[in-house]
Amino acid sequence: MEKTYDVLLLPTGEPMNGNGAVFPVSREAVNIYNSGKIGCIYVTGGHGGFSIVTGETRSEAEYTRDFLLERGIPEGRVYWDEQSLDTMGNFTFPMIKPVEGNPNLLDFNSMLVLGQEGHMWRASDYASLVLPKDKMPEIQTVPGKHNDGLIAKVYHNAFMHALKCLKDSSAEGVHDFLINRHPFYSKDWFEKSPSRRKIKMAKVGLGWYLKK
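Heads up: the sequence shown begins at 3 in the working numbering, then just goes up one per residue.
This is the structure:
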């Protein structure tokens, strides 16, 4: 990789087992950082919408941050944000409501996004909706699926349809949609069983798809 970038964005969601034996995206992030081609790493992501979450469950972003620090990435070069519960949120929260002490994604002039192949096809669609054209990132992938089945594709199409129907399709409008209308962000979401959450999301997704 010859080009340099201000930031490497990691939308979390990669396989992890707590002892560093997996983390395929983060391992590649370490390699890219050590190549001298990026200025810093920005990790975004809280929990997957169908994950089992308790009061003691650490966020994906926190796990990834610790992995990076343990492998020698300087603390001052790693930013992390655990607000988002979906891939669109990985882009909108660091833009509209960045964590105190974190830069805004729009502060960077050049961005590389790294993730699994089965994740990045939809991440690029989401980025194109909320980022200005001159801030659009380049995408690099590592092998892996990450929710790349038929259900994910149906959800993606319904979600994109709903977003394109918004009167305010700016980053602010999309952020408002996530907070107020996406089930993942409802207060009692993680109190439901994963099966109940999937049923609820299917019903909401159907409504999105049928929206005119």
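Positions of the beta carbon are idealized from the N, C-alpha and C atoms, including for glycine.
Helix, strand or coil at residue i [DSSP, three-state]
i      : result
Val144 : strand
Val101 : coil
Leu216 : This structure cannot speak to residue 216, because the chain is shown only from 3 to 214.
Met215 : No statement about residue 215 is possible, as the shown extent of the chain runs from 3 to 214 and does not include it.
Ser188 : coil
Asn106 : coil
Ser28  : helix
Gly91  : helix
Met138 : coil
Check whether residue i and residue j have beta carbons under 7 Å apart
i      : j      : result
Met90  : Tyr128 : yes
Val176 : Val132 : yes
Arg67  : Val80  : yes
Met162 : Val9   : no
Lys155 : Gly120 : no
Ile98  : Met122 : no
Tyr65  : Ile40  : no
Phe186 : Gly51  : yes
Residue range of the beta strand (DSSP E) that includes residue i
i      : result
Asp178 : That residue, Asp178, is in no beta strand (DSSP E); its alpha helix (DSSP H) goes 173 to 183.
In DSSP terms, what residue i is bridged to
i     : result
Thr46 : Pro13, Asp83
Ile40 : Tyr7
Start and end residues, alpha helix (DSSP H) containing residue i
i      : result
Met122 : 119 to 132
Gly209 : 196 to 212
Arg67  : 62 to 72
Presumed contact (8 Å Cβ cut-off) between residue i and residue j, rounded CB distance
i      : j      : result
Ala63  : Thr14  : 5 Å
Trp210 : Ala173 : Incorrect: roughly 19 Å between the Cβ atoms, too far for contact.
Glu158 : Arg124 : One detail in the question is off: residue 158 reads as His in this sequence, not Glu. Right, the Cβ-Cβ distance comes to about 5 Å (below 8 Å), so this counts as a contact.
Gly48  : Leu87  : 5 Å
Proximity test, residue i beta-carbon vs the ligand HEM heavy atom, cut-off 6 Å
i      : result
Val206 : The ligand content of the structure shown is nil, which means the ligand HEM is not present either.
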